[in-house]
Structures are given as C-alpha cells and as structure tokens.
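In the working numbering, the protein residues as written are 1 to 259. Just so you know, even glycine gets a beta-carbon here, dropped at the ideal spot from N, CA and C. A quick note: this is a predicted structure, and the numbers were derived from the prediction, not measured. I have placed the structure first, in the form of structure tokens, so that the comments after it can refer back to it.
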C-alpha cells in the first residue's frame, strides 16, 4: 500500500482500508467525506509561551484563540478584536466569549481543540462535555457520532479504544476563514492538522501520520455564549507552504503577540 488519501470531514478522523489505498481523515459522523487533500506536511509546533498582554489600542484586528487552561478558574476578559474567553468550564474548556465575530472565531478554534482531545471523547464523559459547549439539541448527535467512529477507528488500529496509550491522536487548529457571520450565528472554516495512528508502527494503515484539512464550525449565540451547533467537512486544507494557506488568517493567543 503506497498511496495515502486524506478525507477531512466532521469532527474526527476515520480510517478506511481498501485493497489499494489507506484513507485517513476527519470523518463525518460515521462516514468518510468524498474529498481528499494533499499528502504530508510537518507537525504543528507546540504552543508558544505567553508574553505580556498588549493593550486593545495596540492590537490589530485579528481575533484570538485562547490557550485552554486546565483548571476551572476565571480568565482575563478580552476587549476589542481579541475575542478571548472569560472562564473555563468544569471540563477545562474555555467559555464565556464576547458577543462578537471575534468571539465566535475564538470559540470555534477552542472547541475544535477540545472535541479532538481523547479525554473528552471517553464514553463516560463525552455527553457531559458536549452539553457544556453545545446547543442541547445537538449533544446526542455529536456524541454518538464520535463514539461510533472512534469504535471503528480502534478496530482498524487493532486496539480496544483510541484512549489506548499506543495511539497517537493529535489535532491542532492553524487558521480560519469566516464563511458567514451575524448577530446570532456564525459559520467558520477551521483549518488544521490532525494525526492518528499507532506510535512507532511501520504498517501503512496503522502508522501515525499528519494530514491537513478543514472543518466548518457552526455556532449560535445563546445563554450569553457561543454554542456549538454542528461541525461539518470544509474545503480541502492546503499545505502550510502553499500559496492558498495564506488565505486563512492566523489564530493568535489571548495575551500573546497580536501581529
């Protein structure tokens, strides 16, 4: 098997093995999207260390994605274009975004990271997790879809669960495009890199590999916050070194450099 195809879709990665190819993608609630992006690409660097926060007057108009704290504590409110959260919830997810387009963008970036965290995908946690960031009518669809595809992925990888320590599962949001935005709703393309596979495996199906793609994050303003409604497959994600990568704007960290 010498060819790897990447289908980037809703919420999570789905592995599909055929006689001719390996297909690894962020799959759509139990099925693979019919679209592929280019092979390969470097892994995203770790988040940089925070630096002293700039004033709102000095910051350019670039929304921010806040670094996810691990404890349930308030965080500094972000004014102006930053769009950062004001607190973290009981699942360690930043919430409490401003009622602005920048707030919706930041919410989508952090929610993308949170639902691609294997801890939040555990069966005894996932419904409560989605209940903390999503519209309540979307919770069961999002949760049951992830559980089903994670089960299929685990079987393909030959492990009992994607929570197995042998499994590499890492997702990093890299940039965004605003598809639409209004006072109550926003749809954001989140471009990212996702890796799934078995550490140190040389098997072309099971080995950990990084691929690029995008998801469409839909959020709705309710209960004084941006709530996740759905996430669907977006346009093929460009390689970081390609010209089209420049069409996505950078996430920046709240409190970090705003240039």
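query: Under a three-way DSSP split, which group does residue 96 fall into?
result: coil
message: Considering only DSSP beta bridges, list what residue 261 is partnered with.
response: Outside the shown range of the chain, which is 1 to 259, sits residue 261, and nothing can be said about it.
task: Ignore the nearest five residues each way along the sequence and tell me which others in residue 104's own chain have a CB closer than 6 Å to its CB.
output: 186, 219 and 226
field: Integer Cβ distance of residue 132 from residue 89, believed to fall under 8 Å
entry: 5 Å
query: For residue 196, which of helix, strand or coil comes out of DSSP?
result: strand
task: Using DSSP bridges, identify the partner residues of residue 187.
output: 180 and 218
message: Tell me whether the region 153-169 and the region 109-125 touch, counting them as touching only if at least three CB pairs, one residue from each stretch, are closer than 8 Å.
response: yes
message: If you measure between the beta carbons of residue 197 and residue 208, is that distance less than 8 Å?
response: yes
message: Less than 8 Å between the C-beta atoms of residue 199 and residue 248, yes or no?
response: no
Where the beta strand (DSSP E) containing residue 105 begins and where it ends: Counting along the chain, residue 105 falls outside any beta strand (DSSP E), though it belongs to the alpha helix (DSSP H) covering 101-115.
query: Got a sec, what are the start and stop residues for the beta strand (DSSP E) residue 231 sits in?
result: In the DSSP assignment, residue 231 falls within the beta strand (DSSP E) that extends over 225-233.
field: Any non-hydrogen atom of the ligand MN closer than 7 Å to residue 95 Cβ
entry: Annotation note on the ligand MN: not contained in the displayed structure, which lists no ligands.
- request: Figure out for me which residue from 157, 125 and 106 has the closest Cα to the Cα of residue 201.
  value: 157
- prompt: Tell me which same chain residues have a C-beta within less than 6 Å of the C-beta of residue 170, skipping the five on either side of it?
  reply: 195
query: Just how far apart, CA to CA, sit residue 243 and residue 224?
result: 38 Å
task: Excluding the 5 residues preceding and the 5 following residue 235 in the sequence, name in chain order all residues of the same chain whose CB lies nearer than 8 Å to its CB.
output: 189 and 214
field: Coarse secondary structure for residue 241, derived from DSSP in three states
entry: coil
message: Along the chain, where does the alpha helix (DSSP H) containing residue 203 start, and where does it finish?
response: From DSSP, residue 203 is part of no alpha helix (DSSP H); its letter is neither H nor E.
- prompt: From residue 128 to residue 107, what distance separates their C-alpha atoms?
  reply: 18 Å
message: Comparing C-alpha positions only, which one of 124, 109, 251 and 228 sits nearest to residue 142?
response: 228
message: For residue 150, which residues in the same chain have their Cβ closer than 8 Å to its Cβ, ignoring the five residues on either side in sequence?
response: 12, 121, 161 and 162
message: Comparing C-alpha positions only, which one of 210, 206 and 148 sits nearest to residue 237?
response: 210
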